[in-house]
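J.:
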Amino acid sequence: MLAVQDVRLDPTSRQVWRGDREIRLSRKEFQLLHALMARPGDIVTRGELMADVWQTSFYTNSKTIDVHLGWLRRKLGDDPRKPTLITTHRGRGLRFEPVGDPVAR
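Have a look at this one:
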């Protein structure tokens, strides 16, 4: 079981909760969340996410990650304008914040 902030993820049962509420995710949303939560506080590059989640080393400027990230943030209730769970670090990647209210980068 992974637990970061108030999000829990069970890789065995493929279940996710935010607080007491279970959140239903698609397979790719789950894999994206798992890839980020497995490394809380670390910036995960888009190349690493493409390899981990989409099993490809081919990365273009496609919006695949951004689209799935948008769906994931919406389901988690993470405001994309002021995210407290998954933050974007321009030119570097994404990070699952280990604590709330991240410092802007």
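Taking the working numbering, the leading residue of the sequence shown gets 6, the next gets one more, and so forth.
Built from N, CA and C at the ideal position, the CB exists for glycine as well.
1) Looking only at its own chain, which residues have a Cβ that is under 8 Å from the Cβ of residue 109, when we skip the five neighbours before and after it?
2) Mind listing, in chain order, the continuous alpha helix (DSSP H) runs of no fewer than 4 residues lying wholly within the region 55–96?
3) According to the neighbour-count rule (16 or more other Cβ atoms, all chains shown, within 10 Å of its Cβ), is residue 42 buried or exposed?
4) For residue 83, does the count of other Cβ atoms within 10 angstroms reach 16, so buried, or fall short, so exposed?
5) Just to confirm, are residue 10 and residue 102 a CB contact at a threshold of 8 Å?
T.: Per the coordinate set shown:
1) Legend: pLDDT at residue 109 = 47, less than 50; position of this residue unreliable, value from coordinates given subsequently. Excluding sequence neighbours, residue 109 sits near nothing in its chain.
2) Under the rule that a run must span 4 or more residues, the alpha helix (DSSP H) segments found entirely inside the region 55–96 read 69–81.
3) Residue environment: residue 42 is assigned as buried (16 or more neighbouring CB atoms within 10 Å of its CB, all protein chains considered).
4) With 16 or more other Cβ atoms within 10 Å, it is buried.
5) In contact: residue 10 and residue 102 (Cβ atoms closer than 8 Å).
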